[in-house]
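S.K.:
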Amino acid sequence: MLEELRTLVLFAEEGSIQNVARRLPLTQPAVTRQMQRLEDMLATTLLDRRQKPPRLTAAGMEVLARAKDILASVEALKAFAADAEPQGVLRVGLAHGLSDASVAGAIAGAAAAFPKISLRLKTGWSAELIEQFERDQLDMAIILRPADHQGPDALGTERLCVIAQAGAHLTDARAPMPWVLSPEPCDARQTLLSSLGGERHRLVVAAEIQDPAMQMEWVRRGHGLGLMPLRLAARGLPDGLALVDIDNVDLSLQVVALRSPHLNRLAKAVEAIAKAVGEAVKIEA
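Take the sequence shown: its letter number 95 is residue 251 in my numbering, and every next letter is one higher.
Okay, here's the thing in structure tokens:
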């Protein structure tokens, strides 16, 4: 009914169906049908069609006044919804591979700008978070996708690097060598396997450790190669570790933010968090 009420207000302003049609823009028959629908819905005659051009009846004048009030209230409601401060519980899932201090700080900092929001952060593997998101258990899921993923939900690229015990003499990390990796379904592990052509027999896993600090310690002790985000390695490797050069192997993942279509007031906070995470995963020049 709102469109019909807007047409009635425009008719009162313009004085003719022709001028209303020009402003909308619609055809004259379409404007006429809108006016007739409004009359049918209200079960009253709004236009005196005996006059040329038609004029509003007494009932039409009363409906016009109420229509202006209704439309003004609708616009006020829209403004309120758009400007209202986000509040309520915001459930955010974060992939294990992104669970480091820089990303955590980015999320916390973005959420802090919305004091009426109660942040509920949960980490997990991307596959698990996607499932929870689809079950409406998360309002937002920040996950890792294959490098070729495209779409407006992509926030940036997480590039991985290979690390080894400092001083180890390695020429090709693609050769069958032991690895220290997170348990499946680790996103980084899946990317490494893909870079090996999907041949599981070439991936010799010496240790499955989820904690990144223990992974690096195990690598430092020479038990195998490891993976870590290049953005973290660029800030300085822990003592006893070194980077391993791999030619023509892309160990990259897309950082993707899944957003619920029912965020309402939470949308501003979700957008702020997505932007902050996108900045956090950039590699510093």
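Backbone N, C-alpha and C fix where the C-beta goes; we use that ideal spot for every residue, glycine too.
Using only the alpha-carbon positions, how far apart do Ala436 and Ser416 sit?
M.R.: 22 Å
S.K.: List in chain order: all unbroken beta strand (DSSP E) runs of 3+ residues lying wholly within the stretch 302-352.
M.R.: 310-321, 334-337
S.K.: Using the C-alpha atoms, what's the distance from Lys234 back to Asn175?
M.R.: 28 Å
S.K.: Does the beta-carbon distance from Val400 to Val318 come in below 8 Å?
M.R.: yes
S.K.: Met333 to Pro385, Cα distance in whole Å?
M.R.: Cα to Cα, Met333 sits roughly 20 Å from Pro385.
S.K.: Would you kindly work out how many angstroms separate the C-alpha atoms of Arg356 and Leu349, rounded to a whole number?
M.R.: 7 Å
S.K.: May I ask you to report which of helix, strand or coil DSSP gives Leu180?
M.R.: coil
S.K.: How is Leu227 classed by DSSP in three states: helix, strand or coil?
M.R.: helix
S.K.: Under a three-way DSSP split, which group does Lys278 fall into?
M.R.: strand
S.K.: Between the alpha carbons of Leu164 and Arg421, how many angstroms are there, rounded?
M.R.: Approximately 32 Å, taken between the alpha carbons.
S.K.: Evaluate Glu159 with the Cβ neighbour count: other Cβ atoms within 10 Å of its Cβ, from every protein chain shown; 16 or more gives buried, anything less gives exposed.
M.R.: exposed
S.K.: Going by beta carbon distance, what residues of the same chain come within less than 6 Å of Ala257, once the five residues before and after it are set aside?
M.R.: Here the set comprises nothing.
S.K.: For Ser255, which residues from the same chain have a beta carbon less than 6 Å from its beta carbon, with the 5 sequence-adjacent residues on both sides left out?
M.R.: Thr279
S.K.: For Ala267 and Ala251, what's the separation of their Cα atoms in angstroms?
M.R.: 18 Å
S.K.: Relative to the C-alpha of Arg376, which candidate in Val361, Leu393, Val360 has its C-alpha closest?
M.R.: Per the Cα distances, Leu393.
S.K.: For Gln190, is the classification buried or exposed, using 16 other Cβ atoms within 10 angstroms of its Cβ as the cut-off for buried?
M.R.: buried
S.K.: Relative to the alpha-carbon of Asp127, which residue among Leu359, Gly396, Leu352 has its alpha-carbon at the smallest distance?
M.R.: This structure cannot speak to residue 127, because the chain is shown only from 157 to 441.
S.K.: Label Pro308 either buried or exposed according to how many other C-beta atoms from any shown protein chain fall within 10 Å of its C-beta, with 16 as the threshold for buried.
M.R.: The residue is exposed, with fewer than 16 neighbouring Cβ atoms inside 10 Å.
S.K.: Among Arg211, Gly434, Lys424, which has the Cα closest to the Cα of Leu246?
M.R.: Lys424
S.K.: Since Ala223 and Leu161 are thought to touch, with beta carbons under 8 Å apart, how far apart are those beta carbons, to the nearest angstrom?
M.R.: 4 Å
S.K.: Can you tell which of Ser172, Ala186, Ala228 has the C-alpha that lies nearest to the C-alpha of Arg205?
M.R.: Ser172
S.K.: Could you check what DSSP says for Pro385 in three-state terms: helix, strand or coil?
M.R.: strand
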